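This note's numbering numbers the first residue of the sequence shown as 400 and each following residue consecutively.
Ideal Cβ placement from N, Cα and C applies to all residues, glycine included.
All values derive from a computational prediction rather than experimental measurement.
Inspection log for the structure reproduced underneath, given as structure tokens.
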Amino acid sequence: MNASKCCYTIFSGGGRGRLKMDLRLSGDLIPYNPNPLFLGVTFDEYLCFNKQFQNLRVRALKRLNIIKIFAHSSWHLKKTTLTSIYNALIGSMFDYFFFTVACISKTNLKLVQTVQNRAIRCIYKLRWDSPTRSLFSKDSYKWVLDLLVEEYSGSWSENTAKVSVTSTPVGAFFSIIRIAYACTVLIKKNLFLMIKKKSLRFDGNDKSTSF
400 MNASKCCYTI
410 FSGGGRGRLK
420 MDLRLSGDLI
430 PYNPNPLFLG
440 VTFDEYLCFN
450 KQFQNLRVRA
460 LKRLNIIKIF
470 AHSSWHLKKT
480 TLTSIYNALI
490 GSMFDYFFFT
500 VACISKTNLK
510 LVQTVQNRAI
520 RCIYKLRWDS
530 PTRSLFSKDS
540 YKWVLDLLVE
550 EYSGSWSENT
560 AKVSVTSTPV
570 GAFFSIIRIA
580 YACTVLIKKN
590 LFLMIKKKSL
600 RFDGNDKSTS
610 F
């Protein structure tokens, strides 16, 4: 392994501030990266996935051009076929990032929602200024947030948890983060209880000796 090909990131809700770590590999300093790329996902220090959704929008817009081409009347494709193409090219990307639903902001959600709105208008040959609400009266279309929630809920249900978590590398990685966080909380709680018990024991000994 080469230190220049590695990096480390400090995840914190309050930011890392001036915190720095001297991590080395074979004597070489491992650089800090605020936006590491892991399994196709761009992380950030706050786990807000801002940069990831910006990149996701760019990629989705490029694939939207393919749908625009196939939606042309010269291809004579049915709306169900175009919908399947959309689900394969763009919908699959949204499904891959289902685990971000717990921390996604309205701004980031809007970035990808507008892409879906454009795709529906293109498939059904609607006006570009048509009301957004009317788009989801079409069959088999749901808001991106609803899709993420369904995917998130299904992956942690009793019937699909084992399959979904192991089949999606990012889901498995994110579950490891949450398990590690839960373990950290439990360890801190146990240490706090141990310290409290010791302090009570010492207080009891002091009282017994005072009498």
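Self-check item: Opening and closing residue of the alpha helix (DSSP H) in which ASN401 lies
Solution: Element bounds for ASN401: n/a, residue is neither H nor E.
Quiz item: Which residue from VAL514, THR482, LEU463 and PRO435 puts its Cα closest to that of TYR523?
Solution: THR482
Self-check item: Given GLU444 as reference, the closest of LYS509, GLY412 and THR480 once Cα atoms are compared
Solution: GLY412
Quiz item: Rounded to a whole number of angstroms, what is the C-alpha to C-alpha distance between ALA402 and PRO435?
Solution: 14 Å
Exercise. For LEU422, I'd like the list of residues in its chain whose CB is within less than 8 Å of its CB, leaving aside the five on either flank, ordered along the chain.
Key: TYR407, LEU428 and ILE429
Self-check item: Same chain, Cβ closer than 8 Å to LYS478, five either side skipped, listed in chain order
Solution: ILE522 and TYR523
Quiz item: Starting from LYS461 and walking both ways along the alpha helix (DSSP H), at which residues does that stretch end?
Solution: 449-469
Practice problem: Under 8 Å by Cβ, that's how I've got VAL514 and ILE489 pegged, so tell me the actual separation to the nearest angstrom. | Solution: 7 Å
Quiz item: By the 10 Å Cβ neighbour count, where 16 or more other Cβ atoms means buried, how is THR499 classified, buried or exposed?
Solution: buried
Quiz item: In terms of residues, what are the limits of the alpha helix (DSSP H) holding THR499?
Solution: Run containing THR499: none; DSSP gives neither H nor E here.
Practice problem: Apply the 10 Å Cβ neighbour rule to ASN432 and answer buried if 16 or more other Cβ atoms are within range, or exposed otherwise. | Solution: exposed
Quiz item: Given a threshold of 16 other Cβ atoms within 10 Å of its Cβ, counted over all protein chains shown, does ALA487 qualify as buried or as exposed?
Solution: exposed
Quiz item: What is the DSSP secondary structure of TYR485, reduced to helix, strand or coil?
Solution: helix
Quiz item: Since ASN516 is in the alpha helix (DSSP H), which residue starts that stretch and which ends it?
Solution: 505-522
Quiz item: My guess is that VAL511 and ALA459 are in contact by the Cβ rule of under 8 Å, so how many angstroms apart are they, rounded?
Solution: 6 Å
Quiz item: Leaving out five residues before and five after MET400 in sequence, what residues of the same chain have Cβ atoms less than 7 Å from its Cβ?
Solution: LEU424
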